[in-house]
Every structure is written in C-alpha cells, then in structure tokens.
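Numbering (this note's numbering), first residue to last: 76 to 584.
Even glycine gets a Cβ: it sits at the ideal position worked out from N, Cα and C.
Presented below is the structure to which this report refers.
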Ligand code: NAD
C-alpha cells in the first residue's frame with residue numbers, strides 16, 4: 076500500500092517537526108486539473124501584472140524572513156547565516172531578474188526569411204506558456220529549487236504544481252502560503268507532498284517537468300515523461316573539479332575551495348568535489364586548506380556556525396562509506412574523516428583527503444558531503460585530463476594568475492559552466508544560463524533559456540502579398556517544373572556562369 080503520511084525530521088536534533096498527509100495519484104490529478112483552470116486565466120495577464128505580483132511576493136519573503144529561516148533551518152539542519160546569505164538572497168535577487176527581464180526574454184522575434192521568394196512573408200516567433208509545469212525538487216535548497224524554479228514558469232504564464240522532496244516539504248508549503256498572500260490567482264501555485272509515487276503522478280498529468288535531483292531518478296523521470304512525450308529539463312548531479320595552477324593566488328584559491336566544498340555541508344550540486352593542484356604549489360595549497368578547514372565551526376543552526384548537519388541520515392551514510400572506502404585503500408584524512416561525535420544529529424566533520432586515486436568512489440561518484448579530496452598533478456594538461464575523466468559535467472573552477480590562460484583551459488573543460496578564480500558563484504547569477512552536460516543532465520535554469528524552457532515556441536507566418544495564388548500551388552505543369560529547376564539552380568548553384576545559364580533558362584521558359 077502507498078504511504079499515507081510523511082514525518083518531517085529536524086536532522087540536527089533528529090526530532091519530528093511535522094506530520095503531513097501524502098498526496099495520492101488522484102489528488103495530484105485533481106491538483107493539475109485545478110491548476111489548468113487557473114492557468115487559462117493567468118496566461119491572459121500582462122507581464123506588468125505578473126511582475127507586480129512577483130515584487131509583492133518578494134516583499135512578503137522579506138517581511139517573513141525570520142519565520143522562513145526557522146522553517147528552512149529546522150528541516151535542513153543548515154546554519155541560519157547560510158539560509159539568509161544563499162537561499163533568501165538568491166531568491167529575492169532572482170525574483171527581481173525575472174520580474175524585470177522576463178518580458179524581454181519572451182518578446183516576440185521577427186525573422187527575415189533567407190529565401191528570396193519568401194521575402195513577402197511576415198515571420199514572427201512567439202513564446203506561449205506550456206500550461207501546467209510540474210516541478211520535482213531535491214532537498215538541498217528547499218526554497219530555491221521549488222519557489223525559485225517556479226518564478227520564471229509563472230512569469231511565462233504557466234501554472235505550477237510542485238512536488239518537493241519528502242525530506243524538506245515545509246519550505247515549499249510556506250512558499251505557497253506567501254504566493255497566495257501576494258495575490259496570485261487561487262490554484263496557480265500548488266504543492267503536492269509525497270514520495271516518488273507522487274512525483275510519478277505529476278509526470279502523468281503535467282505539460283512539462285522541470286526536474287532537479289539525482290541521475291538515477293532523472294533517468295526514471297525522463298522514461299516516464301517519454302510515455303506522454305512531454306518535455307523535461309533535467310538538472311542532475313555533479314562531481315565538480317577545481318584546478319589550481321602554479322601561478323594562482325593560493326590564499327584566494329584555498330578560501331574558494333573550502334567555501335565551494337563545504338557550503339551547505341557540501342550538499343550543493345556544484346560543490347567542489349575533486350581538487351587538482353600543480354606540483355610546485357601542491358604542499359602550500361594543502362597546508363592552507365587544512366588550516367582553513369580546522370577553523371571551520373560546525374554545529375546547530377546559529378549565526379556563528381559555518382557548517383551544519385547533513386540533511387539526511389542516508390546521505391551521511393553514503394559520505395561515510397565513500398570516506399571509509401578511500402581510507403581503507405590508502406587515502407589519508409588530514410582533518411576530519413568521521414561523523415562528528417560532539418552531536419547526535421547527522422553531522423559529518425569537514426574533511427580533507429590526500430593520497431586519493433581515480434578508482435576510489437570518492438573521486439568517481441558524487442559525494443554530496445563536506446569532503447575535499449586533493450590530488451597533485453604535474454601540469455595543466457594532466458589537470459584538464461583528470462577533470463574531464465568523469466561521467467558528470469556540471470560545473471567547476473580554475474585558479475590561475477593568468478585569466479587568459481584559465482579561459483582557454485575553461486573552454487576545454489567538459490561542463491555546463493565554470494568559474495575562474497572563484498567557486499559556486501555561477502549558480503547565483505540568474506541572468507546567465509546554467510545547465511549540465513553528460514550525466515549532469517540537460518536544459519538550463521537562468522538566463523533567456525531558463526524562462527524559454529517553460530514556453531512553447533510558436534512561429535506565425537503571415538502573407539503580405541495579397542496575391543490570389545502562389546507559384547508552387549496547383550495545378551502542376553511541365554513548364555512550372557522547368558521553372559522551379561532553373562530557379563533552384565539560379566539560387567543554389569555555385570559559380571556565376573552556372574547562375575547566368577540558369578537565369579537564361581528561366582527567362583526562356
Ligand atoms: P532524488 O533524485 O533522490 O530526488 C529528487 C526528487 O525526485 C524528490 O522530490 C523525490 O521524491 C523525487 N522522486 C523520486 N523518485 C521519483 C520518481 N520515480 N518519479 C518522480 N519523482 C521521483 O535526489 P535528492 O537526493 O533529493 O537530491 C540530491 C541530488 O540532486 C544530487 O544528485 C544533486 O546533485 C542534485 N541536484 C542538482 C542540481 C542542479 O542544478 N543540477 C541542484 C540541486 C541538486
């Protein structure tokens with residue numbers, strides 16, 4: 076029998092903080108049907124009206140930031156400062172970007188046909204909403220990846236039904252409350268709580284699925300969506316590499332590495348998960364990273380805490396297994412390497428690993444935890460080769476004193492985005508497209524593509540000639556065929572003598 080309820084736990088204290096009923100397949104079907112009705116009205120609202128409501132929502136998010144931080148920290152175990160600095164800051168900025176730029180991204184585009192005889196046609200391509208967008212989300216950014224993902228979909232004229240992670244549904248539910256208070260039409264934004272089965276039901280009814288989560292689930296989502304031929308965007312896992320070249324500013328590189336690997340206890344799709352350092356600066360870099368990691372304060376949510384707990388026991392066990400396997404095979408933990416014995420919640424100590432090799436799962440598979448494995452490489456060539464030797468291709472970072480050399484290296488990296496002399500920052504630029512390649516999925520969030528993906532691009536061709544008939548229309552004749560062939564040669568054959576011959580043939584026929 077399907078699960079009837081979900082117990083939401085605080086991973087820092089292991090206490091149950093909410094008990095929610097699970098949306099069954101029929102409930103999901105009904106939610107989508109209600110959303111469809113709301114969308115039919117919403118699609119006729121102006122962009123100005125949509126922006127106005129988004130700005131109201133942003134004000135409400137700011138008014139309710141204390142409560143929001145309470146909800147977010149309690150279901151994720153993240154430090155409070157991080158919730159403000161990342162989720163809330165990002166979300167408020169993103170709302171501004173979509174409210175301000177959304178209409179421009181979706182402006183109708185005029186197209187000039189290349190073919191001479193089609194010059195009399197007016198060709199315009201427009202962006203129509205898809206209808207009801209189903210959003211299926213993970214637990215690592217429970218507000219950004221639910222409400223945040225929904226903003227461009229709403230701005231584009233869609234309704235949304237969100238299936239948040241079963242581990243962190245409270246942030247999305249609170250987001251729904253604020254959306255309603257901001258004055259968006261009833262049923263335009265709904266949340267269905269549940270496990271994978273609830274997600275499957277959403278795929279069976281929505282007009283598009285925007286999925287963020289693991290590779291395995293992403294494949295299942297795509298297979299199910301294929302049955303209905305509905306579009307999907309897949310934002311999946313990563314194993315992001317960082318390259319440190321010998322001319323890099325090592326202080327900045329080490330700081331960016333620690334931040335990029337440990338923010339949200341490493342539970343970020345674009346976390347730094349493998350570090351390749353050129354031999355001459357390897358030891359100096361490792362020493363700096365170790366010193367910074369030693370200074371990290373771990374503990375329950377507080378303004379003075381850097382790294383919180385992991386959001387689930389299952390994730391902690393996965394991280395623990397990877398670290399234990401690596402250490403059994405010869406890796407050394409210079410800091411950390413175990414659960415944090417000071418707390419009873421899901422805490423794993425920030426860890427620096429050396430003497431790792433590419434066969435270890437900590438170097439091959441996504442870790443999604445506070446682990447920094449560092450590898451010495453001979454030169455930049457070896458670094459790029461190692462970085463690209465992965466089934467993932469989400470993001471990464473390169474540190475060098477030469478921005479030009481780093482850019483050339485970045486062009487050779489197999490990933491959807493990259494930071495030079497920085498880490499993680501690419502995720503918080505809602506104006507710039509961000510997406511993965513290889514097993515990290517496809518489709519983009521952010522930028523023009525991040526809103527156009529929620530639209531059906533439609534091309535409308537209007538005749539402006541006013542003629543009674545067109546040349547290729549019926550009836551066919553031998554003369555018309557000759558003319559078409561001469562015309563084809565005139566327009567498409569290379570060489571002026573060939574074109575001249577075709578023109579003469581056309582005039583004669
Ligand atoms: P997950 O794949 O286990 O779950 C994601 C969501 O899918 C959850 O809501 C889950 O209930 C739902 N789901 C499970 N089975 C389903 C099914 N058969 N049909 C439909 N929905 C189903 O992922 P997770 O553990 O929640 O999240 C961690 C993963 O998310 C990591 O791999 C991380 O890298 C990835 N992630 C990627 C990005 C990105 O932008 N690329 C961002 C954040 C997280």
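- By the neighbour-count criterion, in which 16 or more other beta carbons inside 10 Å mark a residue as buried, residue 316 falls on the buried side.
- In this structure residue 452 is in contact with residue 353, their Cβ atoms being roughly 6 Å apart against a cut-off of 8 Å.
- By the neighbour-count definition (other C-beta atoms within 10 Å, threshold 16), residue 77 is an exposed residue.
- At a cut-off of 3 residues, the continuous stretches assigned as beta strand (DSSP E) that sit fully inside the stretch 444-501 are 446-452 and 472-474.
- Under a 10 Å Cβ-count criterion, residue 280 is classified as buried, with 16 or more other Cβ atoms of the shown protein chains found around its own Cβ.
- When the five nearest sequence neighbours on each side are left out, the beta carbons in the same chain lying within less than 7 Å of the beta carbon of residue 278 are those of 209, 284, 296, 299 and 300, in order along the chain.
- For residue 100, the three-state secondary structure derived from DSSP is helix.
- In this structure, residue 263 keeps its C-beta atom at 8 Å or more from the C-beta atom of residue 386.
- Between the stretch 154-164 and the stretch 371-382, the count of Cβ pairs shorter than 8 Å is three or higher; the stretches touch.
- Taking C-alpha positions only, residue 441 is separated from residue 506 by approximately 27 Å.
- Residue 373 carries a strand assignment under DSSP once its states are collapsed to helix, strand and coil.
- Per the Cβ contact rule, the stretch 215-235 is not in contact with the stretch 79-90 (fewer than 3 Cβ pairs under 8 Å).
- Listed as beta-bridge partners of residue 530 by DSSP are 204.
- Rounded to whole angstroms, the gap between the alpha carbons of residue 534 and residue 173 is 24 Å.
- According to DSSP, residue 264 shares a beta bridge with 235.
- One Cα belongs to residue 486, the other to residue 520, and the distance between them is close to 20 Å.
- Judged by DSSP in its simplified three-state form, residue 314 adopts coil rather than helix or strand.
- The beta carbons of residue 476 and residue 490 sit no closer together than 8 Å.
- Residue 136 is not a Cβ neighbour of residue 95, given a cutoff of 8 Å.
- With a cut-off of 8 Å on Cβ pairs, the stretch 492-499 is not in contact with the stretch 356-367, counting fewer than three such pairs.
- Taking 7 Å as the cut-off, one finds no heavy atom of the ligand NAD near enough to the beta carbon of residue 360.
- Excluding five sequence positions before and after residue 348, the CB atoms of its chain that fall closer than 6 Å to its own CB belong to 314, 315 and 442, given in chain order.
- Per the coordinates, the alpha-carbon of residue 390 lies some 10 Å from the alpha-carbon of residue 423.
- In the DSSP assignment, residue 569 falls outside any beta strand (DSSP E), carrying neither H nor E.
- Residue pairing by DSSP places residue 80 opposite 96 in a beta bridge.
- Its Cα nearest to that of residue 288, the residue 309 stands out among 305, 309 and 254.
- Following the DSSP letters along the chain, one finds residue 351 in no alpha helix (DSSP H) but inside the beta strand (DSSP E) bounded by residues 347-353.
- About 12 Å separates the beta carbon of residue 222 from that of residue 139, a gap too long to meet the 8 Å contact definition.
- Taking every protein chain shown into account, the CB of residue 132 has 16 or more other CB atoms within 10 angstroms, so this residue is buried.
- Sixteen is the threshold: since fewer than 16 other Cβ atoms of the shown chains lie within 10 Å of the Cβ of residue 192, the residue is exposed.
- Taking every protein chain shown into account, the CB of residue 377 has fewer than 16 other CB atoms within 10 angstroms, so this residue is exposed.
- Taken from the Cβ of residue 289, at least one heavy atom of the ligand NAD lies inside 7 Å.
- Residue nearest to residue 198 within the set 570, 573, 537 and 335 is 537 (criterion: CA-CA distance).
- DSSP places residue 126 in the helix class (H, G or I) of the three-state scheme.
- Residue environment analysis places residue 186 among the exposed positions, since fewer than 16 neighbouring C-beta atoms fall within 10 angstroms of its C-beta.
- Fully contained in the stretch 127-183 are the following alpha helix (DSSP H) runs of length 4 or more, in chain order: 140-151 and 164-180.
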